[in-house]
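Colleague: Sharing a structure, written as structure tokens. Questions coming.
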Amino acid sequence: MRAPGSNAVYLARTEVRGKLGLWSPEAAPESRHFLDLSVFKTDAAGIRRITLHQGDKALVMEKVLTAAGPGDGSAPPPQEWEWTLTSPSRRALAKTKVDGVMNALASIQAADVADPRVGMEQYGLWKAERRVEVALADGSTFELRVGDARPVAGGVQEGRFCMTSRDRKIWVIREFKIDQIFKKLEDLLPDA
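Quick note on our numbering: the sequence shown kicks off at -3 and runs consecutively.
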């Protein structure tokens, strides 16, 4: 260990990384207090396309701007866009329902992290049945893969193992958040 602003280094006789919420070769995190559990955060209005993959089916939803923004590169007001399904067929979607998916994707918070020493195959992430791809206004993309359910034992929270295209961490995201993102087509259509 080293104190801030000092070049003196101290050798600790005990494992301290686990106590600080960090993974180490010797120990798993004991305290989750110091862990940053923010998986992904963006401005919801900057999301331009959402592709939901569930098994061999994919729903591609594109944001169609109905009015130009102020011209400074910022997004138009929320009432100035509509959502259109572009695949597997082309049709209008309920704006408020797809906006709910968009808002859930704009801020994803994990409940925990999983042991990074275990391969992603063990978490059901290698060939994940469910994944979502998000295209942003700046041209960047984000992918979230959803794997197996985490066994609930010993006081751990329920959730699913997830991994993003942005890092190699294995996150545990609560089931209700996954349900906010992965909707069936009939759940996104306008009310009759």
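C-beta: ideal position from N, C-alpha, C; glycine also.
(1) Along the alpha helix (DSSP H) that carries residue 181, what are the first and last residues, could you check?
(2) Report the CB separation of residue 124 from residue 40 in whole angstroms; it is logged as a contact under 8 Å.
(3) Where does the unbroken beta strand (DSSP E) through residue 54 begin, and where does it stop?
(4) Would you mind listing the alpha helix (DSSP H) stretches within the segment 88 to 128 that are 4+ residues and don't spill past its ends, in chain order?
(5) Kindly indicate which three-state DSSP category residue 177 falls into: helix, strand or coil?
(6) Would residue 96 pass as a contact of residue 176 if the rule is Cβ separation under 9 Å?
(7) In the structure shown, what three-state DSSP assignment does residue 143 receive?
(8) What does a CB cutoff of less than 8 Å around residue 162 pick up in its chain, not counting 5 residues either side in sequence?
(9) From this set, 105, 79 and 100, which residue's C-alpha is nearest residue 34's C-alpha?
(10) Ignore the nearest five residues each way along the sequence and tell me which others in residue 120's own chain have a CB closer than 8 Å to its CB.
(11) Quick check: the Cα distance between residue 44 and residue 58, rounded to an integer number of angstroms?
(12) Alpha carbon to alpha carbon, what distance is there between residue 131 and residue 99?
(13) Classify residue 122 as buried or exposed, calling it buried when 16 or more other Cβ atoms lie within 10 Å of its own Cβ.
(14) Give me, in chain order, the residues of the same chain whose beta-carbon lies closer than 8 Å to that of residue 166; leave out the 5 immediate sequence neighbours on both sides.
(15) At least one CB of chain C closer than 9 Å to the CB of residue 48: is that the case?
(16) Between which two residues does the beta strand (DSSP E) containing residue 156 stretch?
(17) Is residue 87 buried or exposed, if buried means 16 or more other CB atoms sit within 10 Å of its CB?
(18) Given that a residue counts as buried once 16 or more other Cβ atoms are within 10 Å of its Cβ, and exposed if not, what is residue 178?
(19) Going by CA-CA distance only, name the one from 76, 80, 62 and 154 that's closest to residue 47.
(20) Any idea if residue 7 is buried or exposed, counting beta-carbon neighbours within 10 angstroms, 16 or more meaning buried?
Modeller: Reading it off the structure:
(1) Translated into the one-based positions of the sequence shown, residue 181 becomes position 185. Looking at the DSSP string, the run of the alpha helix (DSSP H) that includes residue 181 is 181 to 184.
(2) The residue labelled residue 124 in the question sits at position 128 within the sequence shown. The residue labelled residue 40 in the question sits at position 44 within the sequence shown. With a Cβ gap of about 24 Å, residue 124 and residue 40 do not count as contacting.
(3) Within the sequence shown, residue 54 is the residue found at index 58, counting from 1. Segment 53 to 61, the beta strand (DSSP E) holding residue 54.
(4) Within the segment 88 to 128, the alpha helix (DSSP H) runs of at least 4 residues that lie entirely inside it are, in chain order, 91 to 102.
(5) As a first step, residue 177 must be located in the sequence shown, where it is residue number 181. DSSP places residue 177 in helix when its eight states are reduced to three.
(6) As a position in the sequence shown, residue 96 is number 100, starting the count at 1. As a position in the sequence shown, residue 176 is number 180, starting the count at 1. In contact: residue 96 and residue 176 (Cβ atoms closer than 9 Å).
(7) Indexing the sequence shown from 1 puts residue 143 at position 147. Three-state DSSP puts residue 143 in a strand.
(8) If you number the sequence shown from 1, residue 162 lands on position 166. 36 and 138, listed in sequence order.
(9) As a first step, residue 34 must be located in the sequence shown, where it is residue number 38. For residue 34, the nearest C-alpha among the options comes from 105.
(10) Within the sequence shown, numbered from 1, the residue matching residue 120 stands at position 124. For residue 120, where only same-chain residues beyond five positions count, the Cβ hits under 8 Å are 143, 144 and 157.
(11) Numbered from its first residue, the sequence shown carries residue 44 at position 48. Numbered from its first residue, the sequence shown carries residue 58 at position 62. Near 6 Å, if we compare the C-alpha coordinates of residue 58 and residue 44.
(12) Stepping through the sequence shown from its first residue, residue 99 is reached at position 103. Stepping through the sequence shown from its first residue, residue 131 is reached at position 135. When rounded, the distance between both Cα atoms is 14 Å.
(13) Within the sequence shown, residue 122 is the residue found at index 126, counting from 1. By the neighbour-count rule (16 or more Cβ atoms within 10 Å), residue 122 is not buried but exposed.
(14) Stepping through the sequence shown from its first residue, residue 166 is reached at position 170. So the list reads 109, 110, 111, 112, 114, 116, 119, 121, 157, 158 and 159, once near-sequence residues are dropped.
(15) Annotation note: the requested chain C is absent from the structure, which comprises a single protein chain.
(16) The sequence position of residue 156 within the sequence shown is 160, counting from 1. That run of the beta strand (DSSP E) goes 156 to 160.
(17) In the sequence shown, residue 87 corresponds to position 91, counting from 1. Answer is exposed; the Cβ neighbour count stays below 16.
(18) For the purposes of this step, residue 178 is taken as the residue at position 182 of the sequence shown. Residue 178 is buried by the Cβ-count criterion.
(19) Your numbering for residue 47 matches position 51 in the sequence shown. The shortest C-alpha separation from residue 47 is found at 80.
(20) Reading the sequence shown from its first residue, position 11 is the one you call residue 7. Result: exposed.
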